[in-house]
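**Q** Numbering (my numbering), first residue to last: 63 to 169.
See below:
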């Protein structure tokens, strides 16, 4: 996650995790602006650094994944459904960028 590199040497321990959480929430909010939703009550539950090696290759593939929990409001239904089916972020080919969506209590 880029946020980790940005604060290297500036903050330590739990402060790094807080910075990562905020960066992840900011990223999701920016995705929402482009994808027809706004965040309501959202939190970051987990951050993982993934590493895969291609078969018959020395090349190591690294990517990050973040688990979110929360609520959102759909502001542009057509755009939201289109983007939801495409996924979010650069690691979609590795099964990332998917959302589990269900109606909220107010629906």
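Think of the CB as a built atom: it goes at the ideal place given N, C-alpha and C, for glycine as much as any other residue.
With C-beta atoms as the reference, is residue 124 less than 7 Å away from residue 113?
**A** Yes, the pair counts as a contact, with Cβ atoms nearer than the cut-off.
**Q** In chain order, what residues of the same chain have a beta carbon less than 7 Å from the beta carbon of residue 159, not counting five sequence neighbours either side?
**A** Closer than 7 Å at Cβ, skipping near neighbours: 149, 150, 151, 153.
**Q** Please work out which residues of its chain come closer than 8 Å, Cβ to Cβ, to residue 136, disregarding the five sequence neighbours upstream and downstream, and give them in chain order.
**A** Closer than 8 Å at the Cβ level, and outside the excluded window around residue 136, lie 98, 99, 142.
**Q** Taking Cβ positions, are residue 127 and residue 116 nearer each other than 7 Å?
**A** Going by C-beta atoms, residue 127 is not nearer than 7 Å to residue 116.
**Q** Does residue 94 pass the burial test, meaning 16 or more other C-beta atoms within 10 Å, or should it be called exposed?
**A** Buried: at least 16 other Cβ atoms inside 10 Å.
**Q** If distances are taken between C-alpha atoms only, which option among 156, 140, 131 comes closest to residue 162?
**A** Measuring from the Cα of residue 162, the nearest candidate turns out to be 131.
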